[in-house]
Each structure stands twice: as structure tokens, then as C-alpha cells.
Amino acid sequence: MRFLCECGAEIKDQDDALPFKAHLMPDENFFGFLDHLRDLLDRLVSVDDGRGATATVQVVPFRNKLQREMSLLVGQSFRHLYQCPECGRLHIDSLDGKHGFSFKPEAEDTPRNLLQSFTPPD
Ligand SMILES: [Zn+2]
Numbered sequence: 000m001r002f003l004c005e006c007g008a009e010i011k012d013q014d015d016a017l018p019f020k021a022h023l024m025p026d027e028n029f030f031g032f033l034d035h036l037r038d039l040l041d042r043l044v045s046v047d048d049g050r051g052a053t054a055t056v057q058v059v060p061f062r063n064k065l066q067r068e069m070s071l072l073v074g075q076s077f078r079h080l081y082q083c084p085e086c087g088r089l090h091i092d093s094l095d096g097k098h099g100f101s102f103k104p105e106a107e108d109t110p111r112n113l114l115q116s117f118t119p120p121d
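Going by numbering that gives the first Met the number 0, the sequence shown opens with residue 0, and the numbers climb by one from there.
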């Protein structure tokens, strides 16, 4: 995906780990998201069944299903947020993801890297 910022800069979303892109989750969804993750993890782990064994992670049989459910969960939970590296505008998707809205910084010295990771990528 690519689009033009109002300043004329082209914003390209064609790679992973973009320093000007973030994934936005409404606070209303945050704890539900965590609960869903815990549920997925609980389904991977079977607790001690009385044979004296510790919890067993059953990764292989559930891996593909977990990957599908994680992709679905992430897709449903996050919207995209971009910051133009030229003018600092924030661009956010609408609730349905079909439209974009932009917000221009009030101060000229607003950092252009607000969405960049605090920790460097691997
Ligand atoms: Zn811009």
C-alpha cells in the first residue's frame, strides 16, 4: 500500500518493521486481546494429568491453527497508524479501515519519529 501525504511525501507500506508505522489498539479492546492470547496459550499447554509430569507444550499439532488464529486476532485488534517523516502528520485508518484521516502537528519541532521503536530491530 502507498499513499500521498498532504505535504506531497509518498508513504509506502511495502515492507515489515517500518519506522514510521505503528499498530493501534483501542483501550476498549486491550484486555480482551490479552484474554484471547491467554486462551490460545492455554490450549497449547496441558497441565499435569496426574502422571507427575510438568505441563506439556503441544506445539506441533496446534501450530498452524494457532498461527491462523493469531493472524485473525491481530487483524481484528489493530489499525494502522503512520507518521509522515517529512511533515510529521499522523495518518490513521477509520474504524472500518476503509478511509484514512490525518492530523498535523501543532508545533514545528514535533519529532518525526514518534512511531519508531524504542529498541532497535533484531
Ligand atoms: Zn507529510
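Every residue, glycine too, gets a C-beta built ideally from N, C-alpha and C. Every value quoted in this text rests on a predicted model; they were computed, and no experiment measured them.
Measuring C-alpha to C-alpha distances from histidine 22 to each of Leu33, Asp14, Tyr81 and Thr118 identifies Tyr81 as the nearest. With a cut-off of 7 Å, the C-beta of alanine 8 is classified as near ligand 1, since at least one heavy atom of the ligand falls inside that distance.
Within the same chain, Cβ atoms closer than 6 Å to the Cβ of isoleucine 91 are found at Leu80 and Phe100, the five residues on either side in sequence being excluded. The alpha-carbon of cysteine 4 is positioned some 18 Å away from that of aspartate 14. In terms of Cβ geometry, glutamate 85 and cysteine 6 form a close pair [threshold 8 Å]. Distances from the CB of arginine 111 to the heavy atoms of ligand 1 are all 7 Å or more. With a cutoff of 8 Å on beta-carbon distance, asparagine 28 and serine 70 are scored as not near each other. If you look at serine 101, you'll find it in the beta strand (DSSP E) that goes 99 to 102. Relative to ligand 1, glutamate 85 has its C-beta within less than 7 Å of a heavy atom.
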